[in-house]
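Visitor: Before anything else, here's the structure in question.
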Amino acid sequence: MQRNLLSEKFFKTAQRVIPGGVNSPVRACKSVGTNPIFVESGSGSWIWDVDGNSYVDFVCSWGPLILGHCHPDVMAAVKKEADKGTSFGIPTWNEVRLAEMIVNAVPSIEKVRLVNSGTEATMSAVRLARGFTNRKKIVKFNGCYHGHADSFLVKAGSGVATLGIPGSPGVPEEIVQNTIAVPFNDKEILQQVLDQEGDDIACVIVEPVPANMGVVLPDDDFLPFLRKVTEERGIILIFDEVITGFRLGLGGAQEYFDIMPDLTCLGKIIGGGLPVGAYGGRSDIMNYIAPDGPVYQAGTLSGNPMATAAGIKTLEILARPGIYETLKEKMDYLVEELKVLAKKYDVTCTIQNIGSMMTCFFGVEGQIKNFDQAAKSDTDFYGKYFRQMLKNGVYIAPSQFEAAFVSMAHSWDDLDIALEATESSFKILA
Ligand code: KE4
């Protein structure tokens, strides 16, 4: 493995002109104790850095690249669209086609609005829920991440409901005083909050399978409970499926668990690697959005023809038979073999997975059901593991509290490369 001389040089320059040298904090690799590589290119399941080092990529751009890097059909679709123009700010057929595909695939979505990111999707869905219900308060779950809109940036409580503590400077208390944060998978605390505040709560927003505290699975009765108690009180249930949408299947988590939210937020995969977000759901709610309704939301590049071309082609390919079964088979193999290695080298960890996404929580045993439990992970060990894997040509998430993904491009050999890299890492670290 060559040294990352050019990456280091680029990072120094980047830090002079970009805050932290990155355009999204997690990319700075601070929590794993190293400087970031700079990528030159990707193909299939592999990426190359600017120093010519190659890596099997299990981040997949944080989820969008379920088909792998530079899928030929996706690239061809984008290039064909580019030859016709990059943006018009005038309706194009592509955005209607992508909207139709989403409506046809996602059970609860009757109408959908395309935006440019997951943050825009969740921010708009919450505004819509507040406008539709004429209520102010929102409920979110500790450890769930819905993008960086002010309403979501609240301090995570520890095992209790917390109200309105800004999670970042610049977020005024007046904004977050209407945000209630409760523990995931805790029906009692949620019930208490709804009993006390239910009439003032516009929506509950949840990652049906949280992946931003690492992958955490809902208790069997948790999502049905969530649906029941919100329906009883006229509270809008928002599924943030920016990660799980088209990841767990064409119908996402709501199809997987057979729970119908009122609104759904999407992103990542529906753009095939280009910037697309979306929010959609019941027509009676979506008709409240401008220009038909009074709730305002807009975007210069929303429904961009090149981005929607990438999304359309991606969803077309995902609709082919057997895709999700193959993705799951590959992730299940990786997880089972990782468990064997952890046992062989006596590495304490819990691995949680669903479909083609997983997280290995180091330093903890037993099921991780919420953020408090996830936070007990050994992030120092994770950092060492990350650095060893990088040396061994495997790129995993530069944070313990993220998911690893396999794509259709990951071969069985790629998975064995990751397992061999893990074994050599455990030999050193355990
Ligand atoms: P974006 O604004 O980053 O497109 O989406 C925000 C978002 C919303 N909802 C969920 C469930 C999400 O996971 C995200 C963004 N995911 C993170 C990684 N887990 C993006 C990586 C980053 O912030 O750089």
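Per the working numbering, residue 874 is the first one in the sequence shown, and the count goes up by one each step. In this text, a Cβ means the ideal position worked out from N, Cα and C, and glycines have one as well.
In terms of residues, what are the limits of the beta strand (DSSP E) holding residue 1224?
Guide: Position 351 of the sequence shown, counting from 1, holds the residue named residue 1224. It spans 1222 to 1227 - the beta strand (DSSP E) in which residue 1224 sits, taken as one unbroken run.
Visitor: Is the closest heavy atom of the ligand KE4 to the C-beta of residue 1140 under 6 Å?
Guide: On the sequence shown, position 267 is the one that residue 1140 refers to. Yes - the ligand KE4 has a heavy atom lying nearer than 6 Å to the Cβ of residue 1140.
Visitor: What I want to know is whether the C-beta of residue 863 ends up closer than 6 Å to one or more non-hydrogen atoms of the ligand KE4.
Guide: This structure leaves residue 863 out entirely; the chain is present only between 874 and 1303.
Visitor: Sorry if obvious, but does the Cβ on residue 1080 come closer than 6 Å to a heavy atom of the ligand KE4?
Guide: For the purposes of this step, residue 1080 is taken as residue 207 along the sequence shown, with counting starting at 1. Result yes, Cβ under 6 Å from the ligand KE4.
Visitor: Run through the region 1110 to 1163 for me and flag every whole alpha helix (DSSP H) of 4 or more residues, listed as ranges in chain order.
Guide: Segments of the alpha helix (DSSP H) lying fully in the region 1110 to 1163: 1125 to 1129, 1156 to 1159.
Visitor: I need the straight-line Cα distance from residue 1090 to residue 1230, nearest angstrom please.
Guide: Position 217 of the sequence shown, counted from the first residue, corresponds to residue 1090. Position 357 of the sequence shown, counted from the first residue, corresponds to residue 1230. Rounded to the nearest angstrom, the two C-alpha atoms are 11 Å apart.
Visitor: Can you look up residue 1174 in the DSSP assignment and give me helix, strand or coil?
Guide: Position 301 of the sequence shown, counting from 1, holds the residue named residue 1174. The answer is coil: DSSP assigns residue 1174 none of H, G, I, E or B.
Visitor: For the beta strand (DSSP E) that contains residue 1254, what are its first and last residues?
Guide: Walking along the sequence shown from the start, residue 1254 turns up at place 381. Premise fails: residue 1254 lies in the alpha helix (DSSP H), 1252 to 1264, not in any beta strand (DSSP E).
Visitor: Below 7 Å between beta carbons: does that hold for residue 1272 and residue 899?
Guide: Along the sequence shown, read from residue 1 onward, the residue named residue 1272 stands at position 399. Along the sequence shown, read from residue 1 onward, the residue named residue 899 stands at position 26. Yes. Within cutoff.
Visitor: Over what stretch of residues does the beta strand (DSSP E) that includes residue 1100 continue unbroken?
Guide: On the sequence shown, position 227 is the one that residue 1100 refers to. Premise fails: residue 1100 lies in the alpha helix (DSSP H), 1095 to 1105, not in any beta strand (DSSP E).
Visitor: Which residues in the same chain as residue 1219 place their Cβ atom closer than 7 Å to its Cβ, once the five residues preceding and following it in sequence are excluded?
Guide: Indexing the sequence shown from 1 puts residue 1219 at position 346. Only 1303 meet the Cβ criterion.
Visitor: Distance check for residue 1019 and residue 1174, CA to CA, integer angstroms please.
Guide: Here residue 1174 refers to the residue found at position 301 of the sequence shown. Here residue 1019 refers to the residue found at position 146 of the sequence shown. Roughly 21 Å between the two C-alpha positions.
Visitor: Could you tell me the distance, in whole angstroms, from the CA atom of residue 1141 to the CA atom of residue 1238?
Guide: For the purposes of this step, residue 1141 is identified with residue 268 of the sequence shown, where counting begins at 1. For the purposes of this step, residue 1238 is identified with residue 365 of the sequence shown, where counting begins at 1. About 31 Å.
Visitor: Whole angstroms is fine: what's the gap from residue 1084's alpha carbon to residue 1247's?
Guide: Position 211 of the sequence shown holds residue 1084. Position 374 of the sequence shown holds residue 1247. The alpha-carbon atoms of residue 1084 and residue 1247 are separated by roughly 11 Å.
Visitor: Run the CB neighbour count on residue 949, radius 10 Å, all protein chains shown included, and call it buried at 16 or more, exposed below.
Guide: In the sequence shown, counting from the first residue as 1, residue 949 sits at position 76. The residue in question, residue 949, is exposed, as its Cβ has fewer than 16 Cβ neighbours within 10 Å.
Visitor: Do three or more CB pairs link the region 908 to 924 to the region 1276 to 1291 at distances below 8 Å?
Guide: Contact between the region 908 to 924 and the region 1276 to 1291 is present, because at least three Cβ pairs lie under 8 Å.
Visitor: Measuring alpha carbon to alpha carbon, tell me which of 1143, 1005, 976 ends up nearest residue 985.
Guide: Against the sequence shown, residue 985 aligns to sequence position 112. Closest by alpha carbon: 976.
Visitor: Rounded to whole angstroms, what is the Cα-Cα separation between residue 876 and residue 925?
Guide: For this step, residue 876 is matched to residue 3 along the sequence shown. For this step, residue 925 is matched to residue 52 along the sequence shown. Each residue's alpha carbon lies about 10 Å from the other.
Visitor: Apart from the five residues just before and just after residue 1180, which ones in its own chain have a Cβ nearer than 6 Å to its Cβ?
Guide: Here the question's residue 1180 lines up with position 307 in the sequence shown. Closer than 6 Å at the Cβ level, and outside the excluded window around residue 1180, lie 1144, 1147, 1148, 1149.
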